[in-house]
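A.B. asks: Counting in this note's numbering, the sequence shown runs from 116 upward without gaps. Idealized CB from N, CA, C, for every residue including glycine. It should be emphasised that the depicted structure is a prediction, and the values quoted were computed from it without experimental measurement. My questions all concern the structure below.
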Amino acid sequence: MYLTKLEERMLSGEMGEAVRIAMKLLVSVGEALGAERLVPIAHAHVSGVSYDNIGRYGLEFLESLAASGARFAVYTTFNPAGVALGVDAPINTPERVAMQARILRALVRMGARFTATCAPYRVRRPRFGEHLAWGESSAVAVANTLFGARTNREGGPVALAAAIAGRTYYWGLHLDEERVPDVRVRLQARVRSELEAGLVGFIVAKHYPSSKPYVDRFPSDERLVISLAAAGAAQGAIPMWFLEGVSPEARPPPPGAEKLEVKRDDLVAALEEVSCANPEDAEVLFLGCPHYTTADLERAATEALAALRGLKRVREVWVAAPPSSAIRLKEALLRALAGRGPRVRVLPGACVVVTDRGRLPAPIATNSVKTAIYLCKSGVPAALVGGAGALDEVKA
Ligand code: F3S
């Protein structure tokens with residue numbers, strides 16, 4: 116791999132041991148993939164920070180990295196935790212809260228912004244054409260699809276190394292020639308809710324798990340694009356969508372590309388396929404996967420009201436959000452649900468998928484296809500709810 120003079124010095128250890136190790140990892144992975152060089156990045160987003168996932172070994176690794184003097188060279192954010200930050204919550208236990216706090220302290224000590232969110236594009240909006248190293252699959256697809264920024268789906272260690280080195284390997288979606296649609300999706304169902312958007316993502320990823328689909332007539336609502344991207348990355352590994360009239364790089368695939376039609380009956384069938392519980396049994400409704408932020412106040416209220424229709428037993432509505440958006444989201448939902456009964460509980464900086472799943476209520480209702488896919492796969496009964504368009508018409 117070609118390295119600049121500066122990169123050679125970084126790799127030789129002249130700039131410290133942490134930089135040397137980070138460069139060694141990036142160069143090794145890049146060479147294995149056939150990358151010709153590295154590329155400077157504007158923003159790294161580190162995933163894999165939940166104590167429930169990385170455990171004591173991961174915690175001690177991050178603490179020793181921070182103590183060794185490792186510092187992030189670029190703007191760096193990090194993913195949600197396995198506990199709710201700064202509040203009491205059923206998913207919390209004192210020991211896990213303390214361990215999680217140590218992980219987040221180590222990340223902040225190295226220079227990360229205190230974000231704890233899977234919506235880094237809401238913290239710093241990516242610019243068209245800029246290079247990123249992001250490790251959250253839903254955010255990766257949003258950055259490529261909605262902003263025309265360039266990032267591969269990085270593993271946690273690579274995103275961490277990229278943050279320290281300020282660069283990543285120039286390969287995959289960093290290259291013009293990789294940013295080409297390869298499947299044509301004709302959308303023949305109305306998409307007006309997160310549930311419907313997510314089901315489209317699930318259906319396309321089920322048929323073409325690693326594709327870069329072109330979709331005609333997808334709505335321009337940012338939150339619906341986020342739900343589509345999250346589901347496509349959860350069911351498959353779709354890193355980029357080309358949405359007609361929405362994505363800055365949208366263009367139809369070359370002639371001869373495979374075609375897929377998505378009709379409203381397909382959405383209904385997908386709903387049955389993803390859900391693994393009866394929504395009427397749920398006592399908790401979970402929203403905010405990917406995280407809602409203050410840009411979603413209206414959307415969150417609409418989704419909550421739509422999802423609660425027909426759910427008689429729900430006693431609590433849980434909403435995941437970055438800590439910086441938690442108060443305003445709670446206020447918006449309290450206003451929207453006033454007089455309806457369920458308690459609103461915002462989980463700042465948390466994700467129910469990376470928490471101790473034994474602490475989750477079962478079954479759980481959600482409007483997030485990504486959450487339902489992961490919870491059902493791990494044995495937690497979850498039911499999809501919340502259609503506001505095509506699904507309702509079919510069921511009516
Ligand atoms: Fe975010 Fe967790 Fe969903 S990281 S995208 S809330 S599974």
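Does the beta carbon of W286 sit closer than 8 Å to a beta carbon anywhere in chain D?
C.D. replies: Structure shown: chain D not included; a single protein chain is present.
A.B. asks: My output table needs one value for K492: the three-state DSSP class, helix, strand or coil.
C.D. replies: helix
A.B. asks: Could you give the DSSP three-state label for A511: helix, strand or coil?
C.D. replies: The predicted position of A511 is uncertain, since its pLDDT is 45 and thus under 50; a value taken from the coordinates is nonetheless stated next. If DSSP states are grouped into helix, strand and coil, A511 belongs with coil.
A.B. asks: From the DSSP output, in three-state form, read off Y172 for me.
C.D. replies: helix
A.B. asks: Count Cβ pairs between the segment 375-385 and the segment 303-316 that sit closer than 8 Å; are there 3 or more?
C.D. replies: yes
A.B. asks: Hey, out of G244, N259 and E245, whose CA is closest to E251's CA?
C.D. replies: N259
A.B. asks: From what residue to what residue does the alpha helix (DSSP H) around K275 run?
C.D. replies: It should be pointed out that residue 275 corresponds to Leu in this sequence rather than to Lys. Residues G271 to A280.
A.B. asks: Evaluate the contact criterion for the segment 447-465 versus the segment 351-358: three or more CB pairs, one atom per stretch, below 8 Å.
C.D. replies: no
A.B. asks: Let me know if A511 comes out buried or exposed under the rule of 16 or more other beta-carbons within 10 Å of its beta-carbon.
C.D. replies: Low confidence applies here, because A511 scores a pLDDT of 45, under 50, leaving its location unreliable; read the following figure in that light. The residue in question, A511, is exposed, as its Cβ has fewer than 16 Cβ neighbours within 10 Å.
A.B. asks: Could you tell me which residues DSSP puts in a beta bridge with T192?
C.D. replies: H160
A.B. asks: Around the C-beta of D167, are 16 or more other C-beta atoms found within 10 angstroms, so that it is buried, or is it exposed?
C.D. replies: buried
A.B. asks: Nearest to G271 by alpha carbon, out of L148, V164, E175 and A416?
C.D. replies: For the residues L148, V164, E175 and A416, the minimum Cα distance to G271 belongs to V164.
A.B. asks: Near N267, what residues of its chain come up, given a Cβ to Cβ distance below 6 Å and the 5 sequence neighbours on each side ignored?
C.D. replies: G287 and L288
A.B. asks: Do you know offhand how far L121's Cα is from E129's?
C.D. replies: 10 Å
A.B. asks: Is it the case that the CB of C391 approaches a heavy atom of the ligand F3S more closely than 7 Å?
C.D. replies: no
A.B. asks: Within 10 Å of its beta-carbon, does F243 have 16 or more other beta-carbons around it, so buried, or fewer, so exposed?
C.D. replies: exposed
A.B. asks: Label T408 either buried or exposed according to how many other C-beta atoms from any shown protein chain fall within 10 Å of its C-beta, with 16 as the threshold for buried.
C.D. replies: Buried, by the Cβ-count rule.
A.B. asks: Three or more C-beta pairs closer than 8 Å, one from the segment 181-200 and one from the segment 141-148: is that the case here?
C.D. replies: no
A.B. asks: What does W433 pair with, by DSSP beta-bridge criteria?
C.D. replies: F401 and R460
A.B. asks: Using the C-alpha atoms, what's the distance from P463 back to R455?
C.D. replies: A straight line joining the alpha-carbon of R455 with that of P463 spans about 23 Å.
A.B. asks: State yes or no: is the C-beta of M125 within less than 8 Å of the C-beta of R152?
C.D. replies: no
A.B. asks: Given a threshold of 16 other Cβ atoms within 10 Å of its Cβ, counted over all protein chains shown, does V500 qualify as buried or as exposed?
C.D. replies: buried
A.B. asks: Excluding sequence positions up to five away, which residues of its chain have a Cβ less than 6 Å from the Cβ of V238?
C.D. replies: T192 and T230
A.B. asks: Hey, could you find the ends of the beta strand (DSSP E) A512 is sitting in?
C.D. replies: In this structure the chain extends from 116 to 511, so residue 512 is not present and cannot be described.
A.B. asks: Spatial neighbours of Y284 within its chain, please: C-beta separation below 7 Å, excluding the five flanking residues on both sides.
C.D. replies: L141, V144, G145, L148, A150 and L153
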